[in-house]
Every structure is written in structure tokens, then in C-alpha cells.
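The structure under discussion appears below in the form of C-alpha cells.
In my numbering, the protein residues as written are 849 to 1042.
See the structure below:
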């Protein structure tokens, strides 16, 4: 899953740096959605490989996820102002391909397949369903949060553009505003876990 998401996103984002019309952007953004999900995959791997008594603490540490949420928009804004948006996409894609390479060679998973007979699998699948009411509520709430966040993001730069006197710093200011949820997460997450 880590390789699929990192390599897939890297290739799609590099291709986004080469688009020539809006339809190519739409198609590539749809493809990007198919490959998205590196962070949940990493969290699942960490949860699987961490002893049970340490899981909540290890997963809650404001590490790469929060740092990425803080630094990504800021660095992207600086790169877009310094180079161009196309070059920013290209650099981001190369970084994701490097992440895929590091994931392939640097992560050792301690996976042990459980051997069960087909009849045992059928019996256990009838007893236990993954689709319980709490899981469905959690998935619905997560989907709603992602939808609201994704719906707002395109308008942030338009609102900032109306507030600025000069468009020269638009990408940097958009990066700063986009990084603020990461600041809130970095401050509140360790407190909420405790």
C-alpha cells in the first residue's frame, strides 16, 4: 500500500506538471484520488508493528504527518513563488518517488500470514462483519470532514487574493493559511491523546 500510494502519487503529480488543458488536470486529479492514502497506510503499519500498550502514544506523536501539514504548504508556496507552479509539482512528484524508494528498501514489515481453511474463513466471516454501526458512523464522519476540507481549499487562495494588495505573495500567504490547521493539530493532538 505504501508503494502504491507513494509511486502512484509521484507519477501523477509529475504528469500534472506537464498538463496543457483543464481536462488533463481533471483526469489526473481523479487518478490522484485513486493513489491517495499514504498517511493512513503508514498509520496502519505503525499500529500493526507497535506493541498494544504503546500504540496510542506512538500514533499520536506529532511527527511527519503534522510536520508535513505545516511545512508542505509553506515550502510549496516558496517554491511556486521562486520557480513556478509547474516546477513545484515536478519537485513534489520526485520527492514522492524517493519516498516510494525509501519505503521499498527501508521498511521491514513483520507480517505473519494466518493459515485458515476455507470453511473456517466462511464461518468467521458470517460471525463477524467489519461493517458495524460504529464503523459506518466513523467512515461517514471522516468522509464529511474530508469533503468540507476539500471543498474549502480551492477558495482559500481566492479569498487571500481579495485581501492582498499585491499578488506577488499570494502563494506564500496561501501556504501559511493552509499550514494553520497543522499548527492546531500539533498543539492539540498530544493533549487530546492524554
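C-beta atoms are modelled at their ideal positions from N, C-alpha and C, and glycine is treated no differently.
Which of helix, strand or coil does DSSP assign to residue i?
i            : result
residue 856  : helix
residue 867  : coil
residue 980  : coil
residue 1012 : coil
residue 952  : helix
residue 838  : Past the boundaries of the shown model lies residue 838; the chain is included only from 849 to 1042, so the question cannot be answered.
residue 899  : coil
residue 849  : coil
residue 1026 : helix
residue 998  : helix
residue 931  : coil
residue 881  : helix
Do you know how far the Cα of residue j is from the Cα of residue i?
i            : j            : result
residue 887  : residue 1006 : 28 Å
residue 1012 : residue 998  : 23 Å
residue 932  : residue 1016 : 12 Å
residue 864  : residue 889  : 24 Å
residue 851  : residue 876  : 19 Å
residue 987  : residue 979  : 10 Å
residue 1003 : residue 1009 : 10 Å
residue 1035 : residue 923  : 21 Å
residue 985  : residue 891  : 20 Å
residue 871  : residue 884  : 20 Å
residue 995  : residue 874  : 17 Å
residue 794  : residue 993  : Only positions 849 to 1042 of the chain appear in this structure, which leaves residue 794 out of reach.
residue 1024 : residue 951  : 29 Å
residue 983  : residue 934  : 40 Å
residue 896  : residue 906  : 12 Å
residue 1001 : residue 1026 : 8 Å
residue 936  : residue 921  : 11 Å
residue 853  : residue 868  : 25 Å
residue 1019 : residue 925  : 5 Å
residue 866  : residue 941  : 12 Å
residue 1111 : residue 880  : Residue 1111 falls outside the range modelled here, since the chain spans only 849 to 1042, and no answer is possible.
residue 939  : residue 958  : 32 Å
residue 955  : residue 1014 : 46 Å
Original post:
Is it a yes or a no for the region 938-954 touching the region 852-859, going by three-plus beta-carbon pairs under 8 Å?
Top reply: Counting Cβ pairs under 8 Å, three or more are found: they touch.
**OP:** Evaluate contact between the region 914-928 and the region 889-906, counting only Cβ atoms and requiring at least three cross-stretch pairs below 8 Å.
**Re:** No, they do not touch.
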